[in-house]
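K.L.:
Adding 941 to a residue's 1-based position in the sequence shown gives its number in my numbering. A virtual CB, placed ideally from N, CA and C, is assigned to each residue, including glycine.
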Amino acid sequence: MQDSQPTQDASIAATLYWDPDRGLSVGRTTVRVRYAETDRMGITYNAHYLTWFEIGRTEFMRSAGFPYREVEEKGYNLPLVGAEFRLPASVGYDDVLFIETWVERVRTRMVTFAYRVLHDGRVAASGTTTHACVRASDGRSGNLPDWLQKKLRQLTA
């Protein structure tokens, strides 16, 4: 018998949809809180939200047609240069979460992604991560390549 509940593994892919209220494309990824992600009180330890943001961002990019691996293969990296998040509600072991991810801002050299982590219809976390463009060949910062800027901007218009 198959478990009908979503699981957290590599086979999970984001669904990508247009949100008319926000006027942009949003990725939605499902994860389940693992025991190892909780603290002694049974509450998710705060650093794991950044991991879930990464899962959301990675699956969002993949479902939008430009997986992060492709960005790297074309000679670019997008290292994290800033992050902030709020945790208005706690989540615990075995809770099913929905990570919403979207492009908040595209600049010449950076991109900012925004996130909401939902549980039982409420926002458990929200935040942003900002990523700079770095050329893999020499490790120096540079402009986002035109093809990547175009793809990112298409998700916000």
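DSSP three-state label for residue 1048, please.
P.N.:
coil
K.L.:
Within 10 angstroms of the Cβ of residue 1091, are there 16 or more other Cβ atoms? Answer buried if so, exposed if not.
P.N.:
exposed
K.L.:
Along the chain, where does the beta strand (DSSP E) containing residue 960 start, and where does it finish?
P.N.:
956–960
K.L.:
Rounded C-beta distance between residue 1106 and residue 990? I'm assuming under 8 Å.
P.N.:
Because the chain here runs from 942 to 1098, residue 1106 falls outside it and cannot be looked at.
K.L.:
Within 10 Å of its beta-carbon, does residue 903 have 16 or more other beta-carbons around it, so buried, or fewer, so exposed?
P.N.:
Since the displayed the chain opens at 942 and closes at 1098, residue 903 lies outside it and no answer follows.
K.L.:
For residue 1038 versus residue 974, is the C-beta spacing smaller than 8 Å?
P.N.:
A contact, by the Cβ cut-off of 8 Å.
K.L.:
May I have the straight-line CA-CA distance separating residue 969 from residue 1073, to the nearest angstrom?
P.N.:
If you take the alpha carbons of residue 969 and residue 1073, they lie about 23 Å apart.
K.L.:
Could you tell me which residues DSSP pairs with residue 1179 in its beta bridges?
P.N.:
Not covered by the structure: residue 1179. The range shown for the chain is 942 to 1098.
K.L.:
Taking the alpha-carbon of residue 1094 as reference, which of 1063, 1014 and 1002 has the nearest alpha-carbon?
P.N.:
1002
K.L.:
Write down every uninterrupted run of the beta strand (DSSP E) in the region 970–1014 whose length is 3 residues or greater and which is fully enclosed by it, in chain order.
P.N.:
none
K.L.:
Out of 1048, 1035 and 1079, which one is the CA nearest neighbour of residue 971?
P.N.:
Ranking the options by Cα distance to residue 971, first place goes to 1035.
K.L.:
Relative to the C-alpha of residue 1018, which residue among 955, 1079 and 1096 is closest?
P.N.:
1079
K.L.:
Could you say which of 1054, 960, 1050 and 1060 lies nearest to residue 996 if we only look at CA atoms?
P.N.:
1054
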